[in-house]
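Novice: UniProt numbering numbers the first residue of the sequence shown as 1 and each following residue consecutively. Idealized CB from N, CA, C, for every residue including glycine. Mind having a look at this structure? Questions to follow.
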Amino acid sequence: MVSRVSQAVLIITVQLPAAMGKLHVETPAILSPSLTKLCGREVYLKLENLQPSGSFKLRGIGHLCEEARAAGCTEVVSSSGGNAGLAAAYAARSLQMSCTVFTPRSTPAMVVDKLRAEGADVQIVGKNWNEANEVAVERAKRPGCCFVHPYEHPTTWTGHSTLVTELQRQLPERPAAVLLSVGGGGLANGVIEGLHRVGWDDVPVVAAETQGADCFSKALEAGKPVSLPDITSLAKSLGALQVSSRLFESAQTRPVLSVVVSDRQAVEACTRLAEEHRLLVEPACGAALAPLYYGLLPAGVSARPGPLAVVVCGGSGVTPQMLIQWQQMTAV
């Protein structure tokens, strides 16, 4: 098992700006023969791991940076230990803006190197994202600065919503559901906005989390957004202590269905994706695939006709060696 990899709602109706889309690329939605056979229905993988920055984050953060540049901002300030920072750095470089990324001490050296390679000034502060974010917010108060939150901004959600516009063209019919991973909830907010815009309000969003990073599930249980005491999951990219209030509100009126998987299930999903599709993604991304591999789809989805669409959100914090280590750490 260990050697396998080495071998292998509040709804806003938005008219998209005409100039939008200069930074992100349209990603393919490919039919997965293996998952289609396993699930007994067509399964399409929306390959956001192919974005230039490595994840879907470029859609929303790129859009936010474009608007900031148009408003006269010259510096992007981000607080991120990973994919949001990489998206901000890529967008800033592309728009000829400077970029400062405040990242916690827990950020892998590989990610710090990638941020610097994109031209970002990386400031390592604090033991977790919350502490790094506090410093970033203060820095962004300087004239000419734009603060880029990893997930909590309406403009960012609108950028993410373009994913659904593409799916409408790419899928053969209305999907039975869209599966995605939830950390803070920015991707889910964008997908919900996009579903509304294309007239797919009835399409469920399956919001997958890992145990120990399940702030959305805990919010649903508590009846309000609550803060996790800590992130104990391997899926550090899902490491928001509290979910977006917008996503919690949307879940009260829309079919947003929570599924929580184990780290082992998320890692195994990553392994199978690598074997079956030659794609390497983080456990945070594996969380969205795990319900298919482990038969954890909510009953309300199983009864609906149509294909399943899975957002392969991507992530740059992964290597074959890291995936092997995660396999070892989660082995039963």
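#1: DSSP has K46 in a bridge; who is on the other side?
#2: Residue 364 bridges to which residues according to DSSP?
#3: Report buried or exposed for S316, applying the criterion of at least 16 other Cβ atoms within 10 angstroms of its Cβ.
#4: Based on Cα-Cα distance, which residue from L241, W200, A136 lies nearest to P255?
#5: Near V43, which residues of its chain fall below 7 Å by C-beta distance, leaving aside the five closest residues on each side in sequence?
#6: For H141, count neighbouring Cβ atoms within 10 angstroms of its own Cβ and tell me buried if that reaches 16, exposed if not.
#7: A208 bridges to which residues according to DSSP?
#8: Here's the rule I'm using: 16 or more other beta-carbon atoms within 10 Å means buried, otherwise exposed. How should D214 be labelled?
#9: Taking buried to mean at least 16 other C-beta atoms within 10 Å of its own C-beta, is A18 buried or exposed?
#10: Which word fits Q265, buried or exposed, when buried means at least 16 other C-beta atoms lie within 10 angstroms of its C-beta?
#11: Compare the C-alpha of R304 against each of T155, L279, P204 and name the closest.
#12: Would G144 and V135 qualify as a contact pair, given that the criterion is a beta-carbon distance under 8 Å?
#13: S233 to D263, Cα distance in whole Å?
#14: Which whole-angstrom value is the C-beta distance of C285 and G239, which I expect to be below 8 Å?
#15: Work out the CA separation of V191 and residue 361 for me, nearest whole Å.
#16: Suppose contacts are defined by Cβ-Cβ distances below 8 Å. Is S106 in contact with N128 by that definition?
#17: Which of the three DSSP states is assigned to F147 in this structure?
#18: Hey, V176 and V261 are a contact pair by Cβ (cut 8 Å); roughly how many whole angstroms apart?
#19: With a Cβ-Cβ cutoff of 8 Å, do C146 and V101 count as a contact?
#20: Following the continuous beta strand (DSSP E) through S78, name the residue where it begins and the one where it ends.
#21: I need the DSSP call for S55, collapsed to helix, strand or coil.
Specialist: The short version:
#1: A29, V311
#2: Absent from the structure is residue 364, since the part of the chain shown begins at 1 and ends at 332.
#3: buried
#4: W200
#5: S32, L35, T36, L292, P307, L308, V310
#6: Contrary to the premise, residue 141 reads as Lys rather than His in this sequence. So K141 counts as exposed.
#7: S181, V259
#8: buried
#9: Bear in mind that a pLDDT of 43 at A18, under 50, signals an unreliable position, so the number given afterwards is only what the model happens to contain. Classification for A18: exposed.
#10: buried
#11: P204
#12: no
#13: 7 Å
#14: The pair is not a contact, with the Cβ atoms about 14 Å apart (cut-off 8 Å).
#15: An answer regarding residue 361 cannot be provided, because it is not within the stretch 1 to 332 covered by the chain.
#16: yes
#17: strand
#18: Sequence inspection shows Ala at residue 176; the Val mentioned does not correspond to that position. At roughly 19 Å, the Cβ-Cβ gap does not stay under 8 Å, so A176 and V261 are not in contact.
#19: no
#20: 75-79
#21: strand
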